[in-house]
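J.: Sharing a structure with you now.
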């Protein structure tokens with residue numbers, strides 16, 4: 055009888071998880087915001103290499119110690135490498 059009763063309510067644990075998650079979000083708004091920020095950083099870290107238009111291992115040498123330009127938005131360093 056207990057096996058049949060446990061099979062008839064498979065969503066009980068899921069409902070309990072949803073309820074506890076909703077309770078956490080209501081009672082800990084700062085903790086929820088922190089969790090969202092951490093999740094966003096994890097997603098950006100995982101997806102970032104696929105959406106960046108630059109090759110991270112390529113060395114593009116330009117004019118040394120130049121200021122910000124359209125080609126180099128943050129300028130270049132002493133070796134002419136783009137700072138962006």
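In my numbering, the protein residues as written are 55 to 138. Where a beta carbon is used, it is the ideal one built from N, C-alpha and C, also for glycine.
#1: Note the first and the last residue of the continuous alpha helix (DSSP H) segment covering residue 95.
#2: My guess is that residue 10 and residue 88 are in contact by the Cβ rule of under 8 Å, so how many angstroms apart are they, rounded?
#3: Measuring only the C-alpha atoms, how far is residue 102 from residue 108?
#4: With residue 119 and residue 132 assumed to form a contact (beta carbons below 8 Å), what rounded beta-carbon distance in angstroms separates them?
#5: For residue 67 and residue 97, I'd like the C-alpha separation in whole angstroms.
#6: Should residue 130 go down as buried or exposed, given a rule of 16 or more other Cβ atoms within 10 Å for buried?
#7: In whole angstroms, what is the alpha-carbon distance linking residue 85 and residue 138?
T.: Concretely, from the data shown:
#1: 83–105
#2: Any question about residue 10 goes unanswered here, given that the chain covers just 55 to 138.
#3: In this structure, the alpha-carbon of residue 102 lies about 11 Å from that of residue 108.
#4: 6 Å
#5: Cα to Cα, residue 67 sits roughly 27 Å from residue 97.
#6: buried
#7: 32 Å
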